[in-house]
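These protein sequence lines are chains E and F, in that order.
Each number in our numbering comes from the position in the first sequence (counting from 1) with 1 added on.
Each number in our numbering comes from the position in the second sequence (counting from 1) with 8 added on.
Backbone N, C-alpha and C define an ideal beta-carbon position, used for all residues, glycine too.
Only one structure is covered here, and it is reproduced in the block below.
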Amino acid sequence: MYDILIIDDETVINEAVTKIAKSEGFKIDSCTNAIDGLKKLEKNQYKVTLCDIMMPEMNGFQLLNEVQSEGINTNVIMITGFSTVENAVKSLHMGAIDFIPKPFTFDELISSISRGLEFYNLQERIKNSQIGKDDDTIIYVPCPPKYMKLGNTSWMYMEYEGAAIIGATDLFLRTIESLSSVELMAVDDILIQGSTCSTLQTEDEMPHNIMAPIGGKIVERNEKLLENFSLLEKDPYFEGWLYRIIPADIEYDKKYLTPCSTDRV
Amino acid sequence: MKRFKQKFNKIALKLIIAVGITTAIIISIYSYFNLHSQNDTLLSEFERHANQLSNTIIKSTRTSMLANDTETTHNIINTIGEDKCIKEVRLFNKSGEIIYSATQSLIGTMVDKKAESCNVCHSSKRALEEVPIDKRSRIFKLYPDSSRIMGLMNPIYNEPSCWEADCHVHPKSKKTLGVLDITMCLKEVDKAQEESTVKLIVFALTSILALSLLIGFFVRKWIDIPVSNLMSATREISAGNLNYSVKDLGNDELGILGRAFNTMTKKLSEARMQLFQSDKMSSLGRLAAGVAHEINNPLTGVLTYSSFLQKRAKNYPEIQEDLNVIVRETKRSREIVKGLLDFARQSVPKKHKVKAREIIDRAVVVVNNQLVLKHIVLERKFDPDLPMITVDADQIQQVFINLIVNASDAIENGDGKIIITTSLTNLLPYGMTQIKTALCPKRHNLIDNDIKIESMPTIKLKAVTSKSSGHINLDPIYGKNRHQYKLQIEPGKDIKASCPRCDISLINDKEQCPKCNSLIYTFESPPYGMFEGCTNNNCDWERWQAIDEGGQKTYVKIIIEDNGDGIQNEDLSRIFEPFFSTKGQKGTGLGLAVIWGIIDNHNGTITVESEIGIGTKFTILLPVT
Numbered sequence: 002m003y004d005i006l007i008i009d010d011e012t013v014i015n016e017a018v019t020k021i022a023k024s025e026g027f028k029i030d031s032c033t034n035a036i037d038g039l040k041k042l043e044k045n046q047y048k049v050t051l052c053d054i055m056m057p058e059m060n061g062f063q064l065l066n067e068v069q070s071e072g073i074n075t076n077v078i079m080i081t082g083f084s085t086v087e088n089a090v091k092s093l094h095m096g097a098i099d100f101i102p103k104p105f106t107f108d109e110l111i112s113s114i115s116r117g118l119e120f121y122n123l124q125e126r127i128k129n130s131q132i133g134k135d136d137d138t139i140i141y142v143p144c145p146p147k148y149m150k151l152g153n154t155s156w157m158y159m160e161y162e163g164a165a166i167i168g169a170t171d172l173f174l175r176t177i178e179s180l181s182s183v184e185l186m187a188v189d190d191i192l193i194q195g196s197t198c199s200t201l202q203t204e205d206e207m208p209h210n211i212m213a214p215i216g217g218k219i220v221e222r223n224e225k226l227l228e229n230f231s232l233l234e235k236d237p238y239f240e241g242w243l244y245r246i247i248p249a250d251i252e253y254d255k256k257y258l259t260p261c262s263t264d265r266v
Numbered sequence: 009m010k011r012f013k014q015k016f017n018k019i020a021l022k023l024i025i026a027v028g029i030t031t032a033i034i035i036s037i038y039s040y041f042n043l044h045s046q047n048d049t050l051l052s053e054f055e056r057h058a059n060q061l062s063n064t065i066i067k068s069t070r071t072s073m074l075a076n077d078t079e080t081t082h083n084i085i086n087t088i089g090e091d092k093c094i095k096e097v098r099l100f101n102k103s104g105e106i107i108y109s110a111t112q113s114l115i116g117t118m119v120d121k122k123a124e125s126c127n128v129c130h131s132s133k134r135a136l137e138e139v140p141i142d143k144r145s146r147i148f149k150l151y152p153d154s155s156r157i158m159g160l161m162n163p164i165y166n167e168p169s170c171w172e173a174d175c176h177v178h179p180k181s182k183k184t185l186g187v188l189d190i191t192m193c194l195k196e197v198d199k200a201q202e203e204s205t206v207k208l209i210v211f212a213l214t215s216i217l218a219l220s221l222l223i224g225f226f227v228r229k230w231i232d233i234p235v236s237n238l239m240s241a242t243r244e245i246s247a248g249n250l251n252y253s254v255k256d257l258g259n260d261e262l263g264i265l266g267r268a269f270n271t272m273t274k275k276l277s278e279a280r281m282q283l284f285q286s287d288k289m290s291s292l293g294r295l296a297a298g299v300a301h302e303i304n305n306p307l308t309g310v311l312t313y314s315s316f317l318q319k320r321a322k323n324y325p326e327i328q329e330d331l332n333v334i335v336r337e338t339k340r341s342r343e344i345v346k347g348l349l350d351f352a353r354q355s356v357p358k359k360h361k362v363k364a365r366e367i368i369d370r371a372v373v374v375v376n377n378q379l380v381l382k383h384i385v386l387e388r389k390f391d392p393d394l395p396m397i398t399v400d401a402d403q404i405q406q407v408f409i410n411l412i413v414n415a416s417d418a419i420e421n422g423d424g425k426i427i428i429t430t431s432l433t434n435l436l437p438y439g440m441t442q443i444k445t446a447l448c449p450k451r452h453n454l455i456d457n458d459i460k461i462e463s464m465p466t467i468k469l470k471a472v473t474s475k476s477s478g479h480i481n482l483d484p485i486y487g488k489n490r491h492q493y494k495l496q497i498e499p500g501k502d503i504k505a506s507c508p509r510c511d512i513s514l515i516n517d518k519e520q521c522p523k524c525n526s527l528i529y530t531f532e533s534p535p536y537g538m539f540e541g542c543t544n545n546n547c548d549w550e551r552w553q554a555i556d557e558g559g560q561k562t563y564v565k566i567i568i569e570d571n572g573d574g575i576q577n578e579d580l581s582r583i584f585e586p587f588f589s590t591k592g593q594k595g596t597g598l599g600l601a602v603i604w605g606i607i608d609n610h611n612g613t614i615t616v617e618s619e620i621g622i623g624t625k626f627t628i629l630l631p632v633t
């Protein structure tokens with residue numbers, strides 16, 4: 002049982018990630034192409050897989066597809082040097098749990114990995130609760146049926162035509178421990194689907210970025226959050242909303258969103 | 009051979025040959041018939057002359073004949089026969105006996121009635137007695153190489169004086185007494201004919217030659233030269249020189265063709281230019297993506313290791329400091345690479361508070377070398393008490409770099425000067441503020457991105473008058489009233505406005521226009537409340553309470569002016585359009601469009617004034633918030 006598998010054709014990145022992961026006490030394995038990576042994934046159990054997108058022979062998206070169709074139990078985090086929001090959105094839509102643009106810092110890498118590992122633990126607890134154990138606690142609150150979400154990170158709800166509110170999912174928030182602050186963008190700022198719309202700081206000074214589920218213009222932000230960020234954890238779908246925005250092209254953005262009525266992990 | 013064939017294949021030569029052959033045929037036919045008729049006239053004239061002579065002989069011998077004076081008759085005949093051109097004068101009686109002749113030896117001999125000359129009268133059994141004049145002559149050659157000879161028979165008819173004469177040689181019953189036969193040489197006639205033939209041939213040849221030359225000259229002038237001009241133009245175009253144009257070929261069809269050709273080349277070159285530009289942009293995008301990917305991998309190595317080291321070196325402040333620099337600078341590189349990607353897809357501004365002069369100073373550092381090289385003096389007139397502005401410093405820096413580079417490009421000869429002025433200005437929102445959001449009561453978006461006024465999307469309303477219905481596109485600038493009407497409107501009349509999607513009325517039924525008492529339309533422009541305007545197209549009343557309540561807005565005004573070439577008036581309105589460039593091959597045409605986009609993203613405005621030969625002035629207003 003490994004914690005992490007890193008697949009990247011650049012050895013320097015493999016080495017750096019391996020070194021950092023080991024320093025944090027994670028058990029890590031690595032390989033330099035997706036075909037070998039898939040073989041490893043089929044053979045061993047990895048909680049988190051870090052995978053580059055642009056690789057020769059088989060690219061990261063193809064690997065992600067294989068993982069999904071074969072039902073391999075691992076949480077894929079995409080990393081790429083071609084860090085466009087399109088790639089980020091596509092990754093989440095295809096089932097990756099996170100997207101880290103290259104070059105990344107120690108903190109960015111570790112925060113994403115820790116969320117991935119925590120997400121794995123959550124999944125295990127959900128499985129256990131389904132077979133009868135551990136059923137006396139609420140593991141997570143699924144997002145309401147009329148909402149839509151981008152991956153498992155953020156949600157959006159059309160209040161009425163022309164305006165939407167967006168926020169972070171409970172699943173995402175539960176992978177973060179001990180929040181210390183919330184950073185919000187300003188009113189009138191423009192959001193692009195997949196770009197970072199808010200950064201949550203934890204007490205260990207780790208930054209956790211929330212990706213915007215849809216693009217548009219911010220018309221209002223939840224000022225209450227800045228005073229009392231625990232609202233976010235307490236009621237992520239109602240009181241803990243982040244922004245009210247006027248969507249730029251909701252029909253286009255919707256293609257990459259999943260309805261919350263099918264919100265099951 | 010090939011060369012000859014090529015020459016022969018030229019239209020001009022073909023035309024000259026065709027025309028030459030045609031004229032040769034026509035002139036030859038004409039000359040032939042002309043020669044013929046001339047010869048005929050000459051001969052008939054000669055014949056008449058011979059006939060006259062023959063009559064003269066008969067008349068002059070008449071007296072001596074009547075007197076039966078044989079001697080005198082002989083003398084007359086002999087004297088006439090002495091003439092050089094008269095070969096023979098013979099007078100024979102009805103039975104064919106030669107009675108008188110210029111040649112003495114022939115007297116008394118008989119004429120062969122079967123001879124060809126007698127055929128005219130003696131072809132049938134009974135001899136003809138009256139012969140028409142033109143049948144009396146015959147032309148023959150004594151020997152094949154001698155000149156032609158004309159013989160003329162003239163019958164001598166019986167008349168009262170003949171049978172009444174004392175000699176009683178001829179009885180009254182005879183109709184024809186004898187025949188006078190003269191043979192004359194046609195030497196003179198032949199000579200004249202020959203001469204005129206030579207003359208005609210010379211004339212024909214000269215005129216064929218002259219005509220061919222003349223036609224050749226005009227064919228060359230009107231066809232050959234223009235066609236070869238067009239030919240060389242097509243060769244140039246196919247070789248890729250789209251700047252080549254055919255010189256003026258006159259006003260005929262080829263001239264029109266030449267002009268059409270030039271228009272076509274121009275269009276082709278414009279199309280290629282556009283293709284080239286879009287290609288340039290897409291390859292720039294690909295390049296950016298490639299560079300981003302390639303640079304990001306090594307940068308990841310640097311950033312992960314240095315940030316990792318930074319974590320571990322927390323207890324060593326002196327190392328920590330250096331590591332902080334490495335991490336910070338690597339992060340900066342990351343932003344630069346990201347900027348490359350964002351350049352291709354105008355990104356969201358990352359705003360924070362900065363001083364305008366700091367951004368300008370940073371921009372100047374970047375372009376300073378270029379300014380020094382071109383000996384351009386840059387003057388900065390900064391207001392020292394400016395408040396901070398909330399902007400994306402990198403993007404605004406890009407704006408200033410672009411504008412300064414543009415200004416220095418516009419300065420060609422020495423004494424170049426660029427002045428950057430900053431100041432604070434208070435402006436009313438009326439006439440300045442852009443309506444960026446518009447919703448109907450049922451939350452339908454009224455913004456129309458297809459119809460723009462000054463590159464800004466308009467607000468689309470459905471409009472119904474008593475006579476027609478259609479759409480109005482409202483000017484997005486509060487107070488400017490440059491609305492576009494897509495229906496017939498009656499000046500001064502009310503228009504009923506509604507949402508184009510759900511048809512819900514946008515008319516405010518509680519109030520009327522304070523200026524003209526017409527109906528008022530209203531819609532929400534979140535987050536700035538309701539926007540109202542008068543439906544009467546003659547009235548300019550508009551109200552945007554939330555904006556008006558904000559009162560005067562403070563802007564930082566930055567003016568960048570140069571003393572360069574200036575911009576043509578007709579180009580001024582288009583310079584903020586994407587792909588519009590006055591720099592030709594040098595520019596991508598994206599610079600000012602990107603600048604406009606950046607300033608607009610900051611809720612600011614950019615305007616331009618310019619005068620040819622004096623300079624250009626860009627004014628940027630950025631809101632102080």
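is_contact[residue i, chain F] using C-beta, thresh 7 Å
i	result
GLU11/E	yes
ILE177/E	no
GLY38/E	no
GLU162/E	yes
ILE247/E	yes
is_contact[residue i, chain E] using C-beta, thresh 7 Å
i	result
TYR313/F	yes
PRO325/F	no
GLY266/F	no
LYS322/F	no
LYS361/F	no
LYS319/F	yes
LEU411/F	no
THR429/F	no
GLY309/F	yes
Near the ligand SAM: residue i beta-carbon under 6 Å from a heavy atom
i	result
THR242/F	The model depicted lacks the ligand SAM and carries no ligand whatsoever.
Nearest-angstrom Cβ-Cβ length linking residue i and residue j, presumed shorter than 8 Å
i	j	result
TYR536/F	LEU469/F	Wrong, their Cβ atoms sit about 18 Å apart, outside the cutoff.
GLN560/F	ASN434/F	4 Å
VAL183/E	LEU118/E	Contact flag wrong, Cβ pair sits at about 23 Å.
LYS41/E	CYS52/E	No, LYS41/E and CYS52/E are not in contact; Cβ-Cβ is about 12 Å, not under 8 Å.
PRO248/E	ALA165/E	6 Å
ILE193/E	ILE251/E	The Cβ separation is near 13 Å, so there is no contact.
Continuous alpha helix (DSSP H) assignments of at least 4 residues falling wholly in the stretch 69-141 of chain E:
DSSP runs (the alpha helix (DSSP H)) wholly in the stretch 69-141 of chain E: 86-94 and 107-131.
Three or more C-beta pairs under 8 Å: does that hold for the stretch 40-60 of chain F against the stretch 236-248 of chain F?
Cβ pair count under 8 Å is below three, so no.
Contact between the stretch 201-211 of chain E and the stretch 142-152 of chain E (3+ Cβ pairs under 8 Å)
In this structure the stretch 201-211 of chain E does not lie against the stretch 142-152 of chain E, because fewer than three pairs of beta carbons, one per stretch, are closer than 8 Å.
What residues in the stretch 208-224 of chain E bring their beta carbon closer than 8 Å to a beta carbon of chain A?
No chain A appears in the structure shown, which is made up of the protein chains E and F.
Contact residues within the stretch 226-237 of chain E, judged by C-beta distance below 8 Å to chain F:
Flagged: no residues at all.
When Cβ atoms are compared, which residues of the stretch 434-453 of chain F fall closer than 9 Å to chain E?
Listed by position along the chain: LYS444, THR445, LEU447, CYS448, LYS450, ARG451, HIS452 and ASN453.
Residues, ordered as in the chain, of the stretch 329-353 of chain F that lie near chain E by beta-carbon distance below 9 Å:
For the stretch 329-353 of chain F, the set of positions with a beta-carbon nearer than 9 Å to some beta-carbon of chain E reads VAL335, THR338, LYS339, SER341, ARG342, VAL345, LYS346, LEU349 and ARG353 in chain order.
Determine which residues of the stretch 550-563 of chain F have a Cβ less than 8 Å from any Cβ of chain E, and write them out in chain order.
Listed in sequence order: no entries.
Counting only runs that start and end within the stretch 16-54 of chain F, where is the beta strand (DSSP E) found for 3 or more residues in a row?
Here no run is fully enclosed.
Does the stretch 311-319 of chain F come close enough to the stretch 62-82 of chain E to have 3 or more Cβ pairs within less than 8 Å?
As far as the Cβ criterion goes, the stretch 311-319 of chain F does not touch the stretch 62-82 of chain E, which means the pair count is below three.
Where the stretch 455-474 of chain F meets chain E: residues whose CB sits under 8 Å from a CB there:
Within the stretch 455-474 of chain F, no residue has a Cβ that lies closer than 8 Å to any Cβ of chain E.
Go through the stretch 420-461 of chain F residue by residue and report every complete run of the beta strand (DSSP E) that reaches 3 residues or more, in order.
Here the runs fully enclosed are 425-435 and 455-461.
Tell me which residues of the stretch 12-38 of chain E have at least one Cβ-Cβ distance to chain F shorter than 8 Å, keeping chain order.
Within the stretch 12-38 of chain E, VAL13, ILE14, ALA17, VAL18, LYS20, ILE21 and SER24 place their CB atoms closer than 8 Å to a CB of chain F, listed in sequence order.
Start-end ranges of the alpha helix (DSSP H) lying completely within the stretch 538-571 of chain F, minimum 4 residues
DSSP runs (the alpha helix (DSSP H)) wholly in the stretch 538-571 of chain F: 553-557.
Below 8 Å, can you find three or more Cβ-Cβ pairs linking the stretch 257-268 of chain F to the stretch 224-241 of chain F?
They touch, by the three-pair rule.
Specify whether the stretch 498-514 of chain F and the stretch 542-549 of chain F touch according to this definition: at least 3 beta carbon pairs, one from each stretch, less than 8 Å apart.
Contact between the stretch 498-514 of chain F and the stretch 542-549 of chain F is present, because at least three Cβ pairs lie under 8 Å.
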